[in-house]
Amino acid sequence: EAGVVQSPRYKIIEKKQPVAFWCNPISGHNTLYWYRQNLGQGPELLIRYENEEAVDDSQLPKDRFSAERLKGVDSTLKIQPAELGDSAVYLCASSPGTLKGETQYFGPGTRLLVL
Amino acid sequence: AQSVTQPDIHITVSEGASLELRCNYSYGATPYLFWYVQSPGQGLQLLLKYFSGDTLVQGIKGFEAEFKRSQSSFNLRKPSVHWSDAAEYFCAVGNTGTASKLTFGTGTRLQVTL
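The listed protein sequences correspond, in order, to chains F and B. Here the numbering used here is used: the first sequence runs in plain steps of one and ends on residue 1286. Here the numbering used here is used: the second sequence runs in plain steps of one and ends on residue 574.
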């Protein structure tokens, strides 16, 4: 079974440029998460989808970040414009459903460097 | 609000030695607790999780963790460490009131010397 797929794996951009990250969850997983992991820190949830619906986006900086999961499968996270402080690893995870405490399966992440 | 504290930023052990990584949590009720491992350039892999019942939980790769309610702790242990165990380890607490909302600690980096 294929795991969570993310692309690109690395991205270097200049500040004020836009950037987008793509995630394809494990087949059949209805719940998808985007996390941001700053250097030396644990992951922090940005947004959680149940199928196409964003059910928790309270930690998403909506002035510059946006996300979509149009068909309830793959998802895109966008930053526009990027700031120096956005340099981090962006992790995508998925889980089968919405049961409490379900295991989340993580992708390898996209490492973003903003210059 | 839930929170997790991992007091040790970096730990070094010799191969074959025992290991204990500390994790303390703050949560108003009995939480769901997780340990994940992250190797360089990789995503997080679940080692084990605790929901209820037996407070000693067995996981993959020979790891175990013990839930101690009185100490608000969920420490990870392994009797004999292998060089391949070198990685970053994250403890996380799950919100029992909301499906799958995890709060992670800051991680402990494990170095294994030969």
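Glycine residues also receive a C-beta, built at the ideal position from the N, C-alpha and C atoms. Note that the structure is a prediction, hence the values are computed from the model and not measured.
Taking 7 Å as the limit between beta carbons, can you name the residues of its chain near residue i, skipping five residues before and five after?
i: B:L506; result: F494, Y496
i: F:Q1188; result: P1252, A1253
i: F:P1179; result: T1281
i: F:S1258; result: L1283, L1284, V1285
i: F:F1277; result: V1175, L1262, A1264
i: F:S1237; result: K1249
i: F:E1185; result: L1286
i: B:F511; result: Y492
Which one or two residues does DSSP pair with residue i in a beta bridge?
i: F:R1235; result: Its beta-bridge partners do not exist; DSSP assigns none.
i: B:Y496; result: B:L506, B:F550
i: F:D1227; result: F:R1219
i: B:W543; result: Paired residues: none, contrary to the question.
i: B:L516; result: B:E526
i: B:Q571; result: B:T472
i: B:F511; result: Answer is none; B:F511 lacks a bridge partner.
i: F:C1194; result: F:Q1177, F:S1246
Please name the residue in the options whose C-alpha comes closest to that of residue i.
i: B:L562; options: B:D514, B:P491, B:S512, B:D545; result: B:P491
i: F:Y1206; options: F:G1268, F:Y1261, F:S1265; result: F:Y1261
i: B:S540; options: B:Q498, B:G522, B:Q466, B:Q571; result: B:G522
i: F:E1215; options: F:T1202, F:A1225, F:E1221, F:S1229; result: F:S1229
i: F:N1201; options: F:D1234, F:P1232, F:V1226; result: F:V1226
i: B:S499; options: B:D545, B:T573, B:E526, B:N555; result: B:D545
i: F:G1199; options: F:V1190, F:I1218, F:L1210, F:D1245; result: F:D1245
i: F:T1247; options: F:A1191, F:I1184, F:P1232; result: F:A1191
i: F:G1211; options: B:T465, B:T568, B:F527; result: B:T568
i: B:I520; options: B:H470, B:L536, B:K528, B:S512; result: B:L536
i: B:L570; options: B:H542, B:G554, B:V553, B:G501; result: B:H542
i: B:G554; options: B:K528, B:T515, B:G488; result: B:G488
What does a CB cutoff of less than 6 Å around residue i pick up in its chain, not counting 5 residues either side in sequence?
i: B:K509; result: F494
i: B:F518; result: At residue 518 of chain B the sequence reads Gln, which differs from the Phe that was named. If we look at B:Q518 and ignore the five residues flanking it on each side, its Cβ neighbours are E524.
i: B:S463; result: S486
i: F:Y1220; result: L1203, R1240
i: F:G1268; result: N1201
i: B:P467; result: R482
i: B:E480; result: N535, R537
i: F:I1183; result: L1284
Sorted by chain position, which residues of the same chain lie with C-beta nearer than 8 Å to residue i's C-beta, five sequence neighbours on each side aside?
i: F:E1141; result: No statement about residue 1141 of chain F is possible, as the shown extent of chain F runs from 1172 to 1286 and does not include it.
i: B:E475; result: V541, H542, W543, V572, T573, L574
i: B:G503; result: none
Does residue i have its Cβ less than 9 Å from a Cβ in chain A?
i: F:G1199; result: Included in the structure are the protein chains F and B, with no chain A among them.
Does the region 515-532 of chain B come close enough to the region 476-496 of chain B that 3 or more CB-CB pairs lie under 8 Å?
Using a C-beta cut-off of 8 Å, the region 476-496 of chain B makes contact with the region 515-532 of chain B, since at least three inter-stretch Cβ pairs fall below that distance.
Using 8 Å as the cut-off, can you tell me whether the region 1189-1202 of chain F makes contact with the region 537-554 of chain B, which would need three or more C-beta pairs spanning the two stretches below that distance?
The region 1189-1202 of chain F and the region 537-554 of chain B do not touch, with fewer than 3 CB-CB distances between them shorter than 8 Å.
Residues in the region 1225-1237 of chain F with C-beta within 8 Å of chain B's C-beta atoms, listed in sequence order?
Cβ contacts with chain B come from D1227.
Name, going along the chain, the residues of the region 519-535 of chain B whose beta-carbon falls closer than 7 Å to a beta-carbon of chain F.
Identification of residues in the region 519-535 of chain B having a C-beta nearer than 7 Å to some C-beta of chain F yields an empty set.
Which residues, in order along the region 1202-1221 of chain F, keep a beta-carbon less than 9 Å from a beta-carbon of chain B?
Those residues of the region 1202-1221 of chain F that come within reach of chain B (Cβ to Cβ, closer than 9 Å) are T1202, Y1204, Y1206, Q1208, G1211, Q1212, G1213, P1214, E1215, L1216, R1219, E1221.
Interface positions of the region 494-507 of chain B facing chain F (Cβ-Cβ less than 9 Å), listed along the chain:
Listed by position along the chain: F494, Y496, Q498, G501, Q502, G503, L504, Q505, L506.
Near-chain B residues of the region 1251-1282 of chain F - C-beta to any C-beta below 7 Å:
Per Cβ criterion, the list reads L1262, S1266, T1269, L1270, K1271, G1272, E1273, T1274, Q1275, F1277, G1278, P1279, G1280.
When Cβ atoms are compared, which residues of the region 1175-1189 of chain F fall closer than 9 Å to chain B?
For the region 1175-1189 of chain F, the set of residues with a beta-carbon nearer than 9 Å to any beta-carbon of chain B comprises V1175, Q1177, R1180, in chain order.
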